[in-house]
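Enquirer: My questions all concern the structure below.
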Amino acid sequence: MKTSQSNISNLKSNERMSNGNMNLTLKVWRQKNAQTPGKLVTYKADGVSPDMSFLEMLDVVNEGLIHRGEDPIHFDHDCREGICGMCSLYINGQPHGPKRAITTCQLHMRSFKDGETITIEPWRAAAFPVVKDLATDRSAFDRIQQAGGYVSVNTGGVPDANEIAIPKVIADEAFNSATCIGCGACVAACKNASAMLFVSAKISQFALIPQGQPERYRRAQSMVAQMDEEGFGNCTNTGACEAECPKEITLTNIGRMNNDYYSAKLFREEEIGHHSEG
Amino acid sequence: MILDAKIPAGPLAEKWSKHKFNLKLVNPANKRKYDVIVVGTGLAGASAAASLAELGYNVKAFCFQDSPRRAHSIAAQGGINAAKNYRNDGDSVYRLFYDTIKGGDYRAREGNVYRLAEVSVNIIDQCVAQGVPFAREYGGLLDTRSFGGAQVSRTFYARGQTGQQLLLGAYSALNRQIHLGKVKMYTRTEMLDVVVVDGKAQGIVTRNLINGATETHAGHAVLLCTGGYGNVFYLSTNAMGCNVTAAWRAHKRGAFFANPCYTQIHPTCIPVSGDHQSKLTLMSESLRNDGRVWAPKNIELAEKLRKGQLKVTDLKEEDRDYFLERKYPSFGNLVPRDVASRNAKEAVDEGKGVGASGVAVYLDFADAIARLGEDAVRAKYGNLFDMYYQITDENPYKVPMRIYPAVHYTMGGLWVDYNLMTTIPGLYCLGEANFSDHGANRLGASALMQGLSDGYFVIPYTLGDYLATIGPKAIDDKHPAFAQTKKDVLDRVAKLLALRGTKTVDEYHRELGHIMWEYCGMARTDAGLRKAKGLIQALKADFWVNAIVLGENEEVNSSLEKAGRVADFIELGELMVDDALMRSESCGGHFRVESQTEEGEALRDDDNFAFVAAWEYTGENQPEALNKEPLVYENVKLTQRSYK
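Protein chains in written order, with numbering that gives the first Met the number 0: chain R, 0 to 277; chain A, 0 to 643.
In structure tokens form, the structure reads like this:
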């Protein structure tokens, strides 16, 4: 079970690659919109401070572009503290860049070397079409959640919170699954553009706890069906998703999902039913 | 105008139940004849949209993010208060009410705050039923912790990600209603105006952020759940997209803006590292349970530290000033947020700041590590230490953290009555966007409580009363007010897109932030505020001539999005300064230099300022009109806070 992210006392005293300001070359995917083909465009980023975050580096490049009357590089971002799941850059061939267990907004320029060339692309997946430049449309994730990623309870009329006892280890494991930020790095990392890590994390969170039991098998079936409809690929157990997940969601979730999905399909027809209420 | 807050009469504990009984109900068969617009999908918006759809109303929900799950409620770390008294430690609805009124420095309404405390218990039940994975004890029941100096353990939490888990709970309820067809969800869509027809809010104008399409949406009521305006300071712990535009547009259409100068400055944030800084990161204030705040004894030592001529770990014990422990012996490092923040700023202003920029003080864990061991400290704060290391490249197990206060939350917002209705009938405001429950200072773990209280348990009752009054006659966007408001929006967009000057929108935003932080931040003076007003007016004039806004309306255009938001922030900034100037008392997080005790502590002026300041827009470049809602305390005795 996961307890924390990188453990800093185990790190070398100074893993900073660069101390002074750096001059970098960026190769950035530029694409006007979903209908227009895109291409990599080269930019210079000079005087980059190692203390900048990766997105702040792009902010500075954009300020320069705007001053020159050029269209700034478009990228999704919001909270800039690694929790909203909005930022989504494919940096030198890795979702969220070279460091493990962080999002792009938490990546700092000290992870790069002076003179380095950095290639920045959007998530690549048929189910995530490009909106503009580095931003993609991840609404497929919302639709999968809408298909069944909930416990069907209305506001009010629920039991007292402490009437539902859950063993601590189970609650902690459900929490680990629930920490998924829905960024899509798992899809971007997968050669099949599979969304199974994402989908299984949500299915697991509910499958583990008592509140999720009444709809457990129906949920697994409808969320997997929606995932397939969105055009995500299948899982071939390479584990790239787990390696690149900024929240360290584990492959165990996929095992749980498969278990529930097969149970649903093979043995639980009567529990799944055919109502419209999900 | 007489502001009627519509607080029900009668004993405090009976107000809400009686009021619920007196509110009109909408017949179940008629609910599907009503359309409700919800703007924003954070805790308040998502919970309101889901709960109203469950009741049977047709809901249209809007967010500017690519998914409703990304609203900034997601970033709240600490927890959510509820008067469950699961600990048997003396908590009660009344105690949570009392703590909140006192913590708000006696500038919140008794009736609202009591209701908030009352429904807090339902929120936890609701979230658990949804499957929110709160922290649990080995017996399987919910764990709580004491938070923000509270004497009881009433804060429920989900590791350091409580906001995320609560928001995902509300998002799941919202998703269910989207699936059932009761909520129509519009993502990447920004509200740019409210449509007012015959004095009532009946719709909004939105811009599709992908293709620029400007659309009108009609409904029987409009709910703004659009969050706070902390980004007026440019640097804050808010997300980059957080903005005041929806609330500000509503203000210009007739919704009063209350207590705009009430902002919360959080003491334990990671300091600014340079001009490139785009936002600030908060670290949970639980760090002050074990960390000791200090600055060097004198300016010479501080300078040596800043220049790297002296290592912080080499500084002798007698050369360190543990200023909070020295000045507040009984509370020490655990003084409230405002006191801790102000004292850090004082140290920096005296030239004792540390770090390369000199704008920081130390938060030192050396004693805690010596006392408890590094492993125990890691178990408690490991994720925060990791985060600090990630951002600063400094190991806080070995050298003291550097911290500095940052803007975190805004208590001010659109004025609402007890029913959460603004001064525009049919326009409601929920969550951080309204002003209602936190007075001049919000307690830790109370923001999540208020957002969900408004959305799950208040608006589903109060909205029905209004809807039943206006009746279920269909409302569409054919009234000329829709076309006119849409034209106003398009005219403004065209005006922005015509700006091809010399300064980027971010440069204006940064400049505004400097003015606000310098003159309308933690400590304020009459002269400073007057100066700020002039600076902001000049900035506004310059913006509308010299800003650069590139691109077209009919495409993804982040320059245009930012420009519209910053233009609104500039106007809000001026109103905040007006409000701060008018309120010549110290209260909550705001130290008015002219209003202090002999010991230099904040001095409230209850005789003259025990009111809500609700500002009324009177026209472009006209001074706003001040409306006062007196605050009446029937249950709590007003006292001066003391942490000595």
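In this text, a Cβ means the ideal position worked out from N, Cα and C, and glycines have one as well.
Buried or exposed for A439/A, please, with buried defined as at least 16 other CB atoms from any protein chain shown within 10 angstroms of its CB.
Expert: The count along the second sequence starts at 1 and reaches residue 439/A at position 440. Classification of A439/A: buried, given that the 10 Å Cβ count is 16 or more.
Enquirer: On the DSSP bridge list, what partners appear for E615/A?
Expert: Residue mapping note: residue 615/A aligns to position 616 of the second sequence, counting from 1. According to DSSP, which records beta bridges pairwise, E615/A is partnered with A624/A.
Enquirer: Between C240/R and C179/R, which are expected to be in contact by the criterion C-beta below 8 Å, what is the C-beta distance as a whole number of angstroms?
Expert: Within the first sequence, residue 240/R is the residue found at index 241, counting from 1. Within the first sequence, residue 179/R is the residue found at index 180, counting from 1. So it is not a contact: roughly 11 Å between Cβ atoms.
Enquirer: Residues of chain A with a CB under 8 Å from the CB of D259/R: which are they?
Expert: Sequence index remark: in the first sequence, residue 259/R carries index 260 (1-based). Ordered by position in chain A, no residue passes the 8 Å Cβ test against D259/R, which lies about 15 Å from the chain.
Enquirer: Taking the alpha carbon of L323/A as the reference point, which residue from M386/A, G331/A and D577/A has its own alpha carbon closest?
Expert: What you label residue 323/A is simply residue 324 of the second sequence in a count that begins at 1. Here the closest residue by C-alpha is G331/A.
Enquirer: Counting C-beta neighbours from all protein chains within 10 Å, is the total for F266/R 16 or more, i.e. buried, or is it exposed?
Expert: Position 267 of the first sequence, counted from the start, is the residue given in the question as residue 266/R. So F266/R counts as exposed.
Enquirer: Determine the closest residue to N620/A out of E593/A, I569/A and A70/A, with distance taken between C-alpha atoms.
Expert: One-based indexing of the second sequence puts residue 620/A at position 621. Comparing Cα-Cα distances from N620/A to each of E593/A, I569/A and A70/A, the minimum goes to I569/A.
Enquirer: Where does G527/A fall in DSSP's three states?
Expert: Against the second sequence, residue 527/A aligns to sequence position 528. Correct three-state label for G527/A: helix.
Enquirer: Hey, quick one: how far does the beta strand (DSSP E) through N258/R stretch, first residue to last?
Expert: As a position in the first sequence, residue 258/R is number 259, starting the count at 1. Counting along the chain, N258/R falls outside any beta strand (DSSP E), though it belongs to the alpha helix (DSSP H) covering T251 to F266.
Enquirer: Rounded to whole angstroms, what is the Cα-Cα separation between L489/A and A173/R?
Expert: Taking the first residue of the second sequence as position 1, residue 489/A is located at position 490. Taking the first residue of the first sequence as position 1, residue 173/R is located at position 174. Approximately 48 Å between the Cα atoms of the pair.
Enquirer: Verify the CB distance criterion: does E55/R have a CB-CB separation below 8 Å to chain A?
Expert: Along the first sequence, one-based indexing puts residue 55/R at 56. Answer yes: the Cβ-Cβ gap between E55/R and chain A drops below 8 Å somewhere.
Enquirer: Is the Cβ of K278/A closer than 8 Å to any Cβ of chain R?
Expert: Your numbering for residue 278/A matches position 279 in the second sequence. True, the Cβ-Cβ gap to chain R drops below 8 Å.
Enquirer: At a Cβ cut of 8 Å, what residues of the region 552–573 of chain A count as close to chain R, listed as they run along the chain?
Expert: Flagged, chain order: E554, V555, S557 and S558.
Enquirer: Against A44/R, what residues of chain A qualify as contacts under a CB-to-CB distance less than 8 Å, listed in chain order?
Expert: Residue mapping note: residue 44/R aligns to position 45 of the first sequence, counting from 1. Correct list: empty, because the minimum Cβ distance to chain A is about 11 Å.
Enquirer: The beta strand (DSSP E) that contains T41/R, what's its start and end?
Expert: The count along the first sequence starts at 1 and reaches residue 41/R at position 42. Residues K38 to V47.
Enquirer: Exposed or buried, which one is S641/A when buried takes at least 16 other CB atoms within 10 Å?
Expert: If you number the second sequence from 1, residue 641/A lands on position 642. Exposed, because fewer than 16 other Cβ atoms sit within 10 Å of the Cβ of S641/A.
Enquirer: Name the chain A residues whose beta carbon is nearer than 7 Å to that of D50/R?
Expert: By one-based count along the first sequence, residue 50/R stands at place 51. Going along chain A in sequence order, the residues near D50/R (Cβ under 7 Å) are S272 and G273.
Enquirer: Whole angstroms is fine: what's the gap from W122/R's alpha carbon to A134/R's?
Expert: Here residue 122/R refers to the residue found at position 123 when the first sequence is read from its first residue. Here residue 134/R refers to the residue found at position 135 when the first sequence is read from its first residue. Approximately 8 Å between the Cα atoms of the pair.
Enquirer: Any beta carbon from chain A within less than 8 Å of M0/R's own beta carbon?
Expert: On the first sequence, position 1 is the one that residue 0/R refers to. A caution first: M0/R carries a pLDDT of 37, below 50, which makes its placement in the model too unreliable to give a value.
Enquirer: Closest by CA to F608/A, which one among D567/A, L54/A and D104/A?
Expert: Within the second sequence, numbered from 1, the residue matching residue 608/A stands at position 609. The shortest Cα separation from F608/A among D567/A, L54/A and D104/A belongs to D104/A.
Enquirer: What does the alpha-carbon distance come out to for the pair Q105/R and I474/A?
Expert: Looking up residue 105/R in the first sequence gives position 106. Looking up residue 474/A in the second sequence gives position 475. Approximately 47 Å between the Cα atoms of the pair.
Enquirer: To the nearest whole angstrom, what separates the beta carbons of G181/R and S171/A, a pair I think is in contact under 8 Å?
Expert: For the purposes of this step, residue 181/R is identified with residue 182 of the first sequence, where counting begins at 1. For the purposes of this step, residue 171/A is identified with residue 172 of the second sequence, where counting begins at 1. Not a contact, Cβ separation roughly 12 Å.
Enquirer: Using the Cα positions of V60/R and A44/R, report the straight-line distance between them to the nearest angstrom.
Expert: Sequence index remark: in the first sequence, residue 60/R carries index 61 (1-based). Sequence index remark: in the first sequence, residue 44/R carries index 45 (1-based). Between V60/R and A44/R, the C-alpha separation is close to 6 Å.
Enquirer: Looking at the structure shown, is Y455/A part of a helix, part of a strand, or coil, going by DSSP?
Expert: As a first step, residue 455/A must be located in the second sequence, where it is residue number 456. Note: Y455/A maps to helix in three-state DSSP.
Enquirer: Listed in chain order, which residues of the region 148–174 of chain A have Cβ atoms closer than 7 Å to some Cβ of chain R?
Expert: If the cut-off is 7 Å between Cβ atoms, the region 148–174 of chain A has A157, R158, Q160, Q163, Q164, L167, S171, A172 and N174 near chain R.
Enquirer: DSSP state of D320/A, grouped into three classes?
Expert: Working through the second sequence from its first residue, we reach residue 320/A at position 321. Here D320/A sits in strand by DSSP.
Enquirer: Does the contact criterion of 3 or more C-beta pairs under 8 Å hold for the region 575–583 of chain A versus the region 599–615 of chain A?
Expert: The answer is yes - the region 599–615 of chain A touches the region 575–583 of chain A, with three or more Cβ pairs under 8 Å.
Enquirer: What residues from chain R crowd round Q64/A, counting only those whose CB sits closer than 8 Å?
Expert: One-based indexing of the second sequence puts residue 64/A at position 65. Under the 8 Å cutoff, chain R gives D77, C83 and M85.
Enquirer: Kindly indicate which residue of F53/R, D132/R and Q220/R has the alpha-carbon position closest to the one of M21/R.
Expert: Here residue 21/R refers to the residue found at position 22 when the first sequence is read from its first residue. Cα-wise, what sits closest to M21/R is F53/R.
Enquirer: In whole angstroms, give me the CA-to-CA distance for L51/A and M184/A.
Expert: The residue labelled residue 51/A in the question sits at position 52 within the second sequence. The residue labelled residue 184/A in the question sits at position 185 within the second sequence. Going by the C-alpha atoms only, they are around 14 Å apart.
Enquirer: Please work out which residues of its chain come closer than 6 Å, Cβ to Cβ, to A283/R, disregarding the five sequence neighbours upstream and downstream, and give them in chain order.
Expert: Residue 283/R falls outside the range modelled here, since chain R spans only 0 to 277, and no answer is possible.
Enquirer: A212/A: buried (16+ other C-beta within 10 angstroms of its C-beta) or exposed?
Expert: Counting from 1 along the second sequence, the entry for residue 212/A is found at position 213. A212/A comes out exposed.
Enquirer: How long is the line joining the alpha carbons of G180/A and R144/A, rounded to whole angstroms?
Expert: The sequence position of residue 180/A within the second sequence is 181, counting from 1. The sequence position of residue 144/A within the second sequence is 145, counting from 1. Roughly 39 Å separates the two Cα atoms.
Enquirer: I'd like to know whether the C-beta of A160/R is nearer than 8 Å to at least one C-beta of chain A.
Expert: Stepping through the first sequence from its first residue, residue 160/R is reached at position 161. Cβ-Cβ to chain A under 8 Å: yes for A160/R.
Enquirer: Taking any Cβ of chain A, which residues in the region 197–209 of chain R have a Cβ under 7 Å from it, in chain order?
Expert: Those would be Q204, F205 and I208, in chain order.
Enquirer: Going by other Cβ atoms of all chains shown within 10 Å of its Cβ, with 16 needed for buried, is D374/A buried or exposed?
Expert: Reading the second sequence from its first residue, position 375 is the one you call residue 374/A. Exposed, by the Cβ-count rule.
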